[in-house]
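When we follow the working numbering, the leftmost residue of the sequence shown carries the number 276, and every step to the right adds one.
For each residue, glycine too, the CB sits at the ideal point set by N, CA and C.
Values in this document were obtained by computation on a predicted structure and should not be read as measured data.
Read through the structure below, which is laid out as structure tokens, and then see the notes.
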Amino acid sequence: MSNFGIGIGSFMDGFQRGANSYSQIQDARQQRKIRDQQFKMQEQELADQQQYREISEQAVNEAKQARQADIGKSIYRGSPDSPAGPVVPDYKVGNKSFANEADAQAEAEKSVGGFMDYYMKTAVPKLQEHWLATGQPEKAQIMGQWMEQEDVKKGMKAWAGAVRAFQVGDREAFKTNLMAAYNQSGYYDDGYEAIGIKDIEKDGNLLGYAITFKGPDGKEFTQEFDGDDVGKMGLYALAPDKVLEYGLEQVQAGQEARAKMAEKKMDFDADIAKETHKSNLRTQEEQAKQQMNGGSDKVREARAIAEELRSLGYDDDFIRQSMPVALGVERRGQSAADRLSETLEGLRKNDTTFKFSKLPPDEQVRQAQAVIEAQDRALRKQQQPAPSPGAQQPRPNVQSGGGIPIYDRSTGQTIYR
């Protein structure tokens, strides 16, 4: 029997090891399938992005080529025979005749329509088809609606003018239209403004452009671009599809940032509430004391800080935003630098309206210091001993002049001589 028991135990042990091995093999196979699917998705995403880049970059060239082809087709060049010999060829565009090719070219350009018309006909349908095929129908729908907005039309018109000017080598028109497209409100809103653009030349040759920008903080800076860089920015970076893509990314980033800040604010407020609750529950004596004094320490402290901030000229919106920070920053045992750093961090976390985050750094520091000052002033007032009932208030010892203090028996007061 003992041998039989040993055999059964060995069998079960082996069976268990086999089952475990089989499970591990199945898990490994499943993991491999998941990795293969992830790799395929990544490869498809990269392929889709590459296809989009190619469509976007080819869109401008295809629109220009289609327009130039129609311009060429619309010009009729004739050389009528003459007994007197060769004559100057005549040119016709529709029913109009011209003695030189330049005038005929200008008329043909008017008759076929502008560059933007061709971009709408050749590029936009391909971009919308790409987005639909890659599971992004919202972009295909939004693009049509977005391009109907008046501000967007102005931006696209300026961009088309820059493309045309770059094509024919008209520097001034290129610079004017490029800045107009970049600065058009409702088109390419990145928070910066192009306020000047100058040629960079050497020995009469154009090397590039120096563009001066003004940032959200009002500070100006100049960045140099070579000719190819500016051309790419004008032809591609400010193209309608690129601008739309940039705008959608900014909207998504803003939504994610607001969601994260709201989540952090909830966590921050929850932490403050927990700490306040712990403080209020420390002893029954403290609770009774708080009730007798008309409210909790945190409530009184919040009211005092709010009064101090109002006295410093801050509105209720700022007070509501800064209150969790003012109540949450520990004052004791911290250096001034650490306290300022913690206050700044708290104000940024609690900035759901983005007003504080958009301020220049020096203004952020000034407001953080105001919160600290309000904390300290409120604390000093709370620490002053309250006068006992019926006690006479001490008279301030005001010395109006110099001299030796002498007690005047007739008046019962101290005078100085």
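Whether Ile346 touches Glu384 by CB criterion (8 Å):
yes
Burial state of Val646 (16 or more Cβ within 10 Å)
buried
Could you compute how far the alpha carbon of Glu576 sits from the alpha carbon of Asp637?
27 Å
To which residues of the same chain is Trp406 closer than 6 Å at the C-beta, ignoring the five residues directly before and after it?
Lys414, Ala415
Classify Gly483 as helix, strand or coil using the three-state DSSP reduction.
strand
Cutting at 7 Å between CB atoms, please list the residues of its own chain near Gln442, excluding the five before and the five after it.
If you ignore the 5 residues before and after Gln442, its C-beta comes within less than 7 Å of the C-beta of Lys339, all in its own chain and listed in chain order.
Per DSSP, Val368 is paired with what?
Ile350, Lys371
Lys494 by DSSP, collapsed to three states: which one?
Coil.
Considering only residues of the same chain and omitting the five flanking positions on each side of Phe500, which have a CB-CB separation below 6 Å?
Gly483, Tyr484
Residues of its chain near Arg439, where Cβ-Cβ distance is below 7 Å and the 5 sequence neighbours each way are ignored:
Phe390
Taking 8 Å as the cut-off, decide whether the C-beta atoms of Ala433 and Asn452 are in contact.
yes
Given a cut-off of 8 Å on the beta-carbon distance, is the pair Phe449 and Ala437 in contact?
yes
Counting only the same chain and skipping the five closest in sequence on each side, list residues whose C-beta sits under 8 Å from that of Leu619.
Result list for Leu619: Gln639, Val640, Ala643, in chain order.
Alpha-carbon spacing of Asn375 relative to Tyr366, whole angstroms:
7 Å
So, helix, strand or coil for Glu468, using DSSP?
strand
Residues of its chain near Asn568, where Cβ-Cβ distance is below 8 Å and the 5 sequence neighbours each way are ignored
With a pLDDT of only 49 at Asn568, under 50, the local geometry of the prediction cannot be trusted, and no value is derived from it.
Output yes or no for whether 8 Å exceeds the beta carbon distance between Ala334 and Ala398.
The criterion of a C-beta distance shorter than 8 Å is satisfied by Ala334 and Ala398.
Own chain partners of Met418 with C-beta closer than 6 Å, once the 5 adjacent residues on each side are dropped:
Here the set comprises Leu519.
Residues near Arg623 in its chain [Cβ-Cβ closer than 7 Å; skip 5 each side]
Around Arg623: Phe631, Ser632.
By alpha-carbon positions, which one of Gly471, Asp445, Arg446, Gly444 ends up nearest to Tyr457?
Gly471
Could you please give me the residues that DSSP links to Lys477 through a beta bridge?
For Lys477, which the question treats as bridged, DSSP gives the partners Asn480.
According to DSSP, is Lys630 helix, strand or coil?
coil
Buried versus exposed call for Pro599 [16 or more other C-beta atoms within 10 Å across all chains shown]
buried
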